[in-house]
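Asker: Numbering (my numbering), first residue to last: 49 to 456. We put the CB at the ideal spot given by N, CA and C, even for glycine.
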């Protein structure tokens, strides 16, 4: 029964207007990123986004006024960085909403057109990257859901200890804090503590939800771009017909035109996607590097409880998965786009005359450039970037753990 309900729920997320991105559009709509011109709803979520921005500012204020407690500072930096990533993705998505809608409209129009043509091999490629995108989207949502539970529940594991509970009751220890932020009232005592916890829960749900739907939507579009390169390569391989079919010169010219059209479509969508994704990814890569370093370092700090270590491990794992998703799929786009011209050379080009061969050679030259997504003006999303960030985090961790020995 539960499995059937889950299947029905997931099926309800599908939208025939968006064959690939139906669930992703629904997720963006849930968290107020996909705004459709509904005056009151859009105004409400814009107010929510504004409140989220104020909350992130309050986190930086709390960090500024924080005492010289290394563990608290590291914890606050990681949570504040997560808030900064979330609000940056929100603001940049709203800022480029028209471009996002244009991109998704173009993607959906291309898919609907391909489905109407009905080429079995093309449809098979589409089903492959659609199935992959669906599985990855739902799995990523589950990971972010687990992360939200860990962030909200792990601070309160201390209360399971009778000793700590007694210390809280007699005022020796403060109530456990879910997030770290500044309030214009005392949030260590009731009723201020209750208000702060309520705000933290709402902000955590909104912030993690935004990250989940934004990242899954971006990765789904990356899967689409990779799939289109595979489809383009298949079409190039069959410009002159397959091994069992000889086609006319008019059909060959038509196939070459179709390859040019699809490649131009890919270039336009890749450029548009890179333009709207690159600014926020520049912030993301920079902040994510800091977040991973600060999170890992907490494992070696004295006084860290088991619940905090569990939080650090789960949180760091989620960060690495987020970064890996972008780097891996951008690397896949680069790989597929770099080899798509081989489709022309592996076709039955010898069947064509000199004029058709010249057209095919020009097409191959046009297909030769490789495409990769940028993370701002200084970086590219690739596995090399991912490995360098992991090396940097490990080096920072090693240096930090050796500091006490150096002082001795």
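1) Pull up the CB-CB distance for residue 261 and residue 72, whole angstroms please, since I reckon it's below 8 angstroms.
2) By alpha-carbon positions, which one of 198, 247, 85 ends up nearest to residue 100?
3) Give every residue of the same chain whose Cβ lies closer than 6 angstroms to the Cβ of residue 110, excluding the five residues on either side of it in the sequence, and list them in chain order.
4) Report, in whole angstroms, the separation of the C-beta atoms of residue 62 and residue 70, which I expect to be a contact under 8 angstroms.
5) Using only CA atoms, which one of 79, 135, 162, 125 lies nearest to residue 360?
6) Our contact map puts residue 430 next to residue 375 with C-beta atoms below 8 angstroms; I'd like the distance itself, whole angstroms only.
7) Could you check whether residue 278 and residue 173 sit closer than 8 angstroms to each other, using their CB atoms as the reference points?
8) Would you tell me roughly how many angstroms separate the C-alpha atoms of residue 441 and residue 302, rounded to the nearest one?
9) Can you have a look at residue 400 and say buried or exposed, based on whether 16 or more other CB atoms are within 10 angstroms of its CB?
10) Could you tell me the boundaries of the alpha helix (DSSP H) in which residue 108 lies?
11) Over the uninterrupted alpha helix (DSSP H) stretch that includes residue 74, give me the two end residues.
12) Sorted by chain position, which residues of the same chain lie with C-beta nearer than 8 angstroms to residue 395's C-beta, five sequence neighbours on each side aside?
13) In this structure, what does DSSP give as the bridge partners for residue 374?
14) In terms of residues, what are the limits of the alpha helix (DSSP H) holding residue 200?
15) Thinking just about the alpha-carbon of each residue, which of 123, 304, 257, 175 is nearest to the one in residue 274?
16) Which residues bound the alpha helix (DSSP H) around residue 399?
17) With a Cβ-Cβ cutoff of 8 angstroms, do residue 342 and residue 122 count as a contact?
18) Label residue 344 either buried or exposed according to how many other C-beta atoms from any shown protein chain fall within 10 Å of its C-beta, with 16 as the threshold for buried.
19) Go through its chain and collect everything with a Cβ distance to residue 169's Cβ below 8 angstroms, but skip five positions before and after it.
20) What does the Cβ neighbour count give for residue 309, buried or exposed, with the cut at 16 atoms within 10 Å?
21) With a threshold of 7 angstroms on Cβ separation, who are the neighbours of residue 322 within its own chain once the five nearest residues in sequence on each side are excluded?
22) Given that a residue counts as buried once 16 or more other Cβ atoms are within 10 Å of its Cβ, and exposed if not, what is residue 293?
23) In the DSSP assignment, the alpha helix (DSSP H) including residue 264 goes from what residue to what residue?
24) According to DSSP, is residue 225 part of a helix, a strand, or is it coil?
25) Which same chain residues, not among the five before or five after residue 160, have their C-beta less than 7 angstroms away from its C-beta?
Answerer: Considering the structure as presented:
1) Within the chain shown, numbered from 1, the residue matching residue 261 stands at position 213. Within the chain shown, numbered from 1, the residue matching residue 72 stands at position 24. Yes, they are in contact, since the Cβ atoms of residue 261 and residue 72 sit about 7 angstroms apart, within 8 angstroms.
2) In the chain shown, the residue the question calls residue 100 occupies position 52. The shortest C-alpha separation from residue 100 is found at 247.
3) In the chain shown, the residue the question calls residue 110 occupies position 62. Closer than 6 angstroms at Cβ, skipping near neighbours: 228, 229, 230.
4) The residue given as residue 62 occupies position 14 in the chain shown. The residue given as residue 70 occupies position 22 in the chain shown. Their Cβ separation, rounded to whole angstroms, is 5 angstroms, which keeps residue 62 and residue 70 in contact under 8 angstroms.
5) Within the chain shown, numbered from 1, the residue matching residue 360 stands at position 312. Of all alpha-carbon atoms in 79, 135, 162, 125, the one lying nearest the alpha-carbon of residue 360 is that of 125.
6) Within the chain shown, numbered from 1, the residue matching residue 430 stands at position 382. Within the chain shown, numbered from 1, the residue matching residue 375 stands at position 327. Rounded, the Cβ-Cβ distance is 6 angstroms, consistent with contact.
7) Within the chain shown, residue 173 is the residue found at index 125, counting from 1. Within the chain shown, residue 278 is the residue found at index 230, counting from 1. Contact flag set, yes.
8) For this step, residue 441 is matched to residue 393 along the chain shown. For this step, residue 302 is matched to residue 254 along the chain shown. Cα to Cα, residue 441 sits roughly 52 angstroms from residue 302.
9) Here the question's residue 400 lines up with position 352 in the chain shown. Buried: at least 16 other Cβ atoms inside 10 Å.
10) For the purposes of this step, residue 108 is taken as residue 60 along the chain shown, with counting starting at 1. Element bounds for residue 108: 87-113.
11) Counting from 1 along the chain shown, the entry for residue 74 is found at position 26. Counting along the chain, the alpha helix (DSSP H) containing residue 74 begins and ends at 70-78.
12) Your numbering for residue 395 matches position 347 in the chain shown. 284, 285, 286, 287, 288, 408.
13) Taking the first residue of the chain shown as position 1, residue 374 is located at position 326. In DSSP, residue 374 forms no bridge with anything.
14) As a first step, residue 200 must be located in the chain shown, where it is residue number 152. 168-201 is the extent of the alpha helix (DSSP H) around residue 200.
15) Within the chain shown, numbered from 1, the residue matching residue 274 stands at position 226. The shortest C-alpha separation from residue 274 is found at 175.
16) Counting from 1 along the chain shown, the entry for residue 399 is found at position 351. From DSSP, residue 399 is part of no alpha helix (DSSP H); its letter is neither H nor E.
17) What you label residue 342 is simply residue 294 of the chain shown in a count that begins at 1. What you label residue 122 is simply residue 74 of the chain shown in a count that begins at 1. It is a contact, given that the beta carbons lie within the stated cut-off.
18) Residue mapping note: residue 344 aligns to position 296 of the chain shown, counting from 1. Note on residue 344: 16 or more other CB atoms within 10 angstroms of its CB, so buried under the neighbour-count rule.
19) The residue labelled residue 169 in the question sits at position 121 within the chain shown. Cβ within range, chain order: 282.
20) Looking up residue 309 in the chain shown gives position 261. Looking at its Cβ environment, which holds fewer than 16 other Cβ atoms inside 10 Å, residue 309 is exposed.
21) Counting from one through the chain shown, the residue named residue 322 turns up at place 274. Contacts found: 421, 422.
22) Start at 1 with the first residue of the chain shown, and residue 293 comes out as number 245. Flag for residue 293 reads exposed.
23) Taking the first residue of the chain shown as position 1, residue 264 is located at position 216. Unbroken alpha helix (DSSP H) run through residue 264: 240-285.
24) On the chain shown, position 177 is the one that residue 225 refers to. If DSSP states are grouped into helix, strand and coil, residue 225 belongs with coil.
25) Here residue 160 refers to the residue found at position 112 when the chain shown is read from its first residue. Counting only Cβ-Cβ distances below 7 angstroms, and skipping sequence neighbours, we find 67.
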